[in-house]
Amino acid sequence: DAGITQSPRYKITETGRQVTLMCHQTWSHSYMFWYRQDLGHGLRLIYYSAAADITDKGEVPDGYVVSRSKTENFPLTLESATRSQTSVYFCASSESAGGLSYEQYFGPGTRLTVT
Amino acid sequence: LAKTTQPISMDSYEGQEVNITCSHNNIATNDYITWYQQFPSQGPRFIIQGYKTKVTNEVASLFIPADRKSSTLSLPRVSLSDTAVYYCLVGNEANNNDMRFGAGTRLTVKP
């Protein structure tokens with residue numbers, strides 16, 4: 004399927020467990036982003052990537068790890084999940100030059116609950 | 476990154492024109508202004524982007540005054556399906572690590 008997909012769509016995990024959220028895009032966009040959205044708040048940038056093997060921190064990177072070995076994939080790992088990481092996670096991609104000068108395309112989101 | 480200020484919520488009726496204003500007093504010379512729309516349980520969707528004056532596409536218009544310290548998203552003849560949260564972003568490709576959507580403006584369109 005063309006576009007940007009996220010998996011799983013829903014995940015319940017326990018405190019201390021490692022969780023990986025997957026993001027896949029078919030456009031070969033250079034830039035990819037991970038955001039979290041908490042109830043009543045806007046989106047906050049966790050990490051972004053300008054290209055394969057190039058990643059950088061966003062506003063709230065603590066507790067998260069990312070990698071980008073292939074252009075089309077950008078997984079987000081919570082190494083030891085905490086309840087404060089309960090949130091909806093959105094992945095996005097952008098064609099080139101950076102997310103603020105070009106349109107970002109968002110995935111459907113992953114709703115993560117940490118118990 | 477320029478801080479943005481938007482109204483928390485707005486109400487309108489079907490068929491009316493809706494204008495949502497975003498303030499960004501410390502916008503930088505190379506910053507763009509971008510608006511996104513988000514429906515419940517979905518990711519944001521790009522609406523429009525501009526740098527100065529006026530930009531129009533098939534769904535909205537974006538008005539930017541000469542000083543660029545504010546911008547107005549205009550939605551013509553809204554329908555119930557335009558009920559959503561609207562976000563204003565200001566920045567450029569050098570600010571990727573400081574991208575902030577803020578709380579947005581919750582627009583409710585009533586019949």
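Chains as they are written, first to last, in my numbering: chain A, 4 to 118; chain B, 476 to 586.
C-beta atoms are modelled at their ideal positions from N, C-alpha and C, and glycine is treated no differently.
Fill in: C-alpha distance - Ser-484/B paired with Tyr-561/B, whole-angstrom precision
10 Å
Worksheet item: Nearest-angstrom Cα distance between Arg-12/A and Asn-76/A?
Response: 16 Å
Worksheet item: Using Cβ-Cβ distances below 9 Å, what residues of the segment 18 to 38 of chain A are close to chain B?
Response: Tyr-34, Phe-36 and Tyr-38
Worksheet entry | Beta-carbon proximity check, Thr-113/A vs Tyr-92/A, cutoff 8 Å | Taking 8 Å as the Cβ cut-off, Thr-113/A and Tyr-92/A qualify as a contacting pair.
Item to complete: Pull up the DSSP beta-bridge partners for Asn-505/B, would you.
Response: For Asn-505/B, which the question treats as bridged, DSSP gives no partner whatsoever.
Discussion item. For Thr-113/A, report the span of its beta strand (DSSP E) as first-last.
Written reply: 113 to 117
Worksheet item: On the three-pair Cβ rule with 8 Å, is the segment 486 to 502 of chain B touching the segment 31 to 47 of chain A?
Response: no
Worksheet item: Can Tyr-511/B and Leu-564/B be called in contact, C-beta distance under 8 Å?
Response: yes
Discussion item. So, under 8 Å CB-CB, Leu-24/A and Gln-9/A are touching, yes? Tell me the CB distance rounded to an integer number of Å.
Written reply: 7 Å
Discussion item. Give me the chain C residues within the contact set of Arg-543/B, using Cβ-Cβ distance strictly less than 9 Å, ordered along the chain.
Written reply: In summary, chain C is missing from the structure at hand, where the protein chains are A and B.
Item to complete: Would you tell me roughly how many angstroms separate the C-alpha atoms of Ser-498/B and Ile-7/A, rounded to the nearest one?
Response: 31 Å
Worksheet item: Alpha carbon to alpha carbon, what distance is there between Val-117/A and Gly-587/B?
Response: Summary: the structure shown does not reach residue 587/B, with chain B confined to residues 476 through 586, and so no result is reported for it.
Fill in: Within 8 Å, strictly: CB atoms of Ile-508/B and Gly-525/B
yes
Worksheet item: Buried or exposed: where does Ala-559/B fall if 16 or more other Cβ atoms within 10 Å of its Cβ makes it buried?
Response: buried
Practice prompt. Measure from the alpha carbon of Thr-480/B to the alpha carbon of each residue in Lys-544/B, Thr-583/B, Val-553/B and Thr-528/B, then state which is nearest.
Written response: Comparing alpha-carbon positions, the option among Lys-544/B, Thr-583/B, Val-553/B and Thr-528/B lying closest to Thr-480/B turns out to be Lys-544/B.
Practice prompt. Using the Cα positions of Ala-541/B and Lys-529/B, report the straight-line distance between them to the nearest angstrom.
Written response: 10 Å
Discussion item. In whole angstroms, give me the CA-to-CA distance for Glu-82/A and Gly-43/A.
Written reply: 26 Å
Practice prompt. List the residues that DSSP assigns as beta-bridge partners of Gln-28/A.
Written response: Ile-7/A
Worksheet item: Applying the criterion that 16 or more other CB atoms from any shown protein chain within 10 Å of the CB defines a buried residue, is Ala-535/B buried or exposed?
Response: Answer is buried; the Cβ neighbour count reaches 16.
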